[in-house]
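A short write-up of the structure that comes next.
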Amino acid sequence: MLLEPVSADRIDDLVQLWNEEWGSSFPMREALMIQNVLGDPNLLEEGTRVAIDEDSNRVIGLVVSKQWREKKDGLDFGTESGWIHSLLVSGSFRRQGLGNRLLELAEDALLNNGVRQVHLGNDFHRRMFPGVPETNPETMLWLERRGYVRQAEVMDLYRDDEKAEPEPLPEGNGVTFRLAEESDAGELNAFLTRCFPGRWSYQTLHYWELGGTGREFVIAEREGVMIGFCRINDSHSPLLAQNIYWSPLFEDELGGIGPLGIDERYRGHGYGLAIVQAGIHFLHARGIRKTVIDTTAYEDFYGKLGYRPWKRYVRYQKLL
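Just so we're aligned: the sequence shown equals residues 1 to 320 in the UniProt record's numbering.
Below, the structure written as structure tokens:
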């Protein structure tokens, strides 16, 4: 068995391996694999390897590690946290120590680069999973025996409006909703930096750099002042967003809603649910009737709008 760095030459093989193991529930696409592995500036190359069977030259395993490495516009989110973005071994090569070897390689690389706290999934940006899929209890036990500690549970929610009337745009209550435009970039960036500093503001900077036009953001305004935002995604978005990763499972186009947030000075007036309704409205206008809200613990909140649990995940971490 050989270990080699991830390269574009192996992407097709990695997609094939992923779909052999996960394709029925988490179907992988070449564009998503490239975007979330090779395309992430926070990839930790020495902690990322492809396992190759020497006899067949077949890809039989993968581990991908990440750490905050992009020094961007003065942003610095620290290097003591790291992520194991993905760890995958072919079913026919399990119980031979390959998973252990890949995990140890990733942990050693993270530790050598100053990481003290490792998270499974939930990368700062361009992650595959927000945790370990709940459908894999054997994997969870395997990880727990290696020192990983269960932290929290999150879920993806789903709503199907195929037979429903189009969602109207919310009105009244002193707030208006509209899609952002390119000219809103500066104000939106400033709003996120002030109200939601961290990964949301960082991800939005990437959005504009990738050619975003604003159509992926619903803006809430009160008396002409921006008080909230909601990200919406579809197949035309400049980045494959996590709430539409698994859209190949559907015959019709899948839309995504989130992240979203309201300035804390304006909370308690129902604007949060209203901006989700506005997001659904704009996706309906594009002909999209199925939507996912990803990575949330707020089942009751979104349940008021008819969202139901779809996929569940468990977050884990380990102190090195």
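All residues carry an ideal CB built from backbone N, CA and C; glycine is no exception. Keep in mind that this is a model prediction, so the values were computed, not measured.
Within the segment 37 to 105, the runs of beta strand (DSSP E) at least 3 residues long that lie entirely inside it are, in chain order, 49 to 53, 58 to 67, 81 to 89. DSSP places asparagine 233 in the strand class (E or B) of the three-state scheme. A Cβ-Cβ distance of about 6 Å is found for the pair arginine 231 and glutamate 216, placing them in contact under the 8 Å criterion. Remark: C-beta atoms of glycine 39 and arginine 126 approach each other more closely than 8 Å. Contact holds between the segment 36 to 50 and the segment 66 to 77, because three or more Cβ pairs, one in each stretch, are under 8 Å apart.
Per the coordinates, the alpha-carbon of serine 235 lies some 22 Å from the alpha-carbon of proline 168. DSSP places glutamate 221 inside the beta strand (DSSP E), whose first and last residues are 217 to 222.
Take the alpha-carbon of leucine 120 and the one of glycine 174: they are about 42 Å apart.
Note that the segment 149 to 163 does not touch the segment 81 to 98; fewer than 3 beta-carbon pairs, one per stretch, sit closer than 8 Å.
Straight across, the Cα-Cα distance linking isoleucine 262 with glycine 255 is about 21 Å. About 6 Å separates the CB atoms of methionine 1 and glutamate 54; that is less than 8 Å, so the two are in contact. Its chain contains Tyr202 as the residues whose beta carbon lies nearer than 7 Å to that of leucine 75, once the 5 sequence neighbours on both sides are disregarded; these appear in chain order. A straight line joining the alpha-carbon of isoleucine 219 with that of alanine 278 spans about 9 Å. The segment 188 to 208 makes contact with the segment 220 to 229: 3 or more CB pairs, one atom from each, lie closer than 8 Å. Each residue's CA atom was taken as its position, placing leucine 249 and phenylalanine 26 some 8 Å apart. Only buried fits glutamine 242, as 16 or more other CB atoms lie within 10 angstroms of its CB. Rounded to whole angstroms, the separation of the alpha carbons of aspartate 13 and proline 170 is 47 Å. Taken through DSSP and simplified to helix, strand or coil, leucine 143 comes out as helix. The beta-carbon separation of methionine 33 and isoleucine 11, rounded to 6 Å, stays under the 8 Å limit for a contact. Taking 3 residues as the minimum length, the beta strand (DSSP E) runs contained wholly in the UniProt domain "N-acetyltransferase" (175 to 320) are 176 to 179, 217 to 222, 225 to 233, 254 to 262, 290 to 296, 308 to 319, in order along the chain. DSSP, reduced to helix, strand and coil, places alanine 152 within a strand of the structure shown. For leucine 32, there is no enclosing beta strand (DSSP E); the enclosing alpha helix (DSSP H) has its first and last residue at 30 to 33. Separation of glycine 131 and glycine 147 (C-alpha to C-alpha, rounded to the nearest whole angstrom) is 16 Å.
Sequence-distant partners of leucine 240 (beyond 5 residues in either direction) whose C-beta falls short of 7 Å from its own C-beta, in its chain, are Ala31, Leu32, Gln35.
CA-CA distance, isoleucine 280 to glycine 97, rounds to 47 Å. Distances from the CA of aspartate 73 to each of Gly270, Gly114, Glu264, Thr204 were compared; the closest alpha carbon is that of Thr204. Beyond the five residues adjoining it in sequence on each side, valine 15 comes within less than 8 Å, by CB distance, of Met28, Arg29, Glu30, Met33 in the same chain, given in chain order. If you ignore the 5 residues before and after glycine 287, its C-beta comes within less than 8 Å of the C-beta of Glu253, all in its own chain and listed in chain order. Between the alpha carbons of leucine 273 and glycine 212 lies a gap of roughly 25 Å. For the 8 Å CB-CB criterion, arginine 159 and glycine 306 form a contact.
Residue environment: tyrosine 313 is assigned as buried (16 or more neighbouring CB atoms within 10 Å of its CB, all protein chains considered).
Going by beta carbons, glycine 61 and valine 89 fall inside the 8 Å limit. Annotation: the continuous beta strand (DSSP E) that includes leucine 3 extends over 2 to 4.
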